[in-house]
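These notes concern the structure reproduced below.
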Amino acid sequence: MRRTKVLDSFPAGDPYGSRPAEEYAARCRERGQRATVVMDLDSDAFLVVAPVDTDAPHRAA
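Residues in the sequence shown are numbered from 264 upward in steps of one, following this note's numbering.
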């Protein structure tokens with residue numbers, strides 16, 4: 264199972280559909296962040312998600 268982090272959420276009832284989510288994901292990709300849009304049926308929203316790098320060493324806070 265791949266782990267992801269939700270970067271932002273956009274309501275599916277938006278008159279423009281998934282376009283705001285797609286535009287946000289495109290801006291993330293322009294900055295070099297891997298981002299994709301998925302539909303969360305439970306919350307009826309489009310989520311912009313990015314994979315979590317599980318291979319990176321944990322940093323002490």
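By construction, the Cβ of each residue, glycine as well, lies at the ideal position given by its N, Cα and C atoms.
- Following the DSSP letters along the chain, one finds P274 inside the beta strand (DSSP E) bounded by residues 267-274.
- If the five residues before and after K268 are omitted, its C-beta is found closer than 6 angstroms to the C-beta atoms of A313, V315, all from its own chain and listed in chain order.
- In terms of Cβ geometry, A308 and L270 do not form a close pair [threshold 8 angstroms].
- Here A313 carries a strand assignment [DSSP, helix/strand/coil].
- Rounded to the nearest whole angstrom, the CA to CA distance from M302 to R292 is 18 angstroms.
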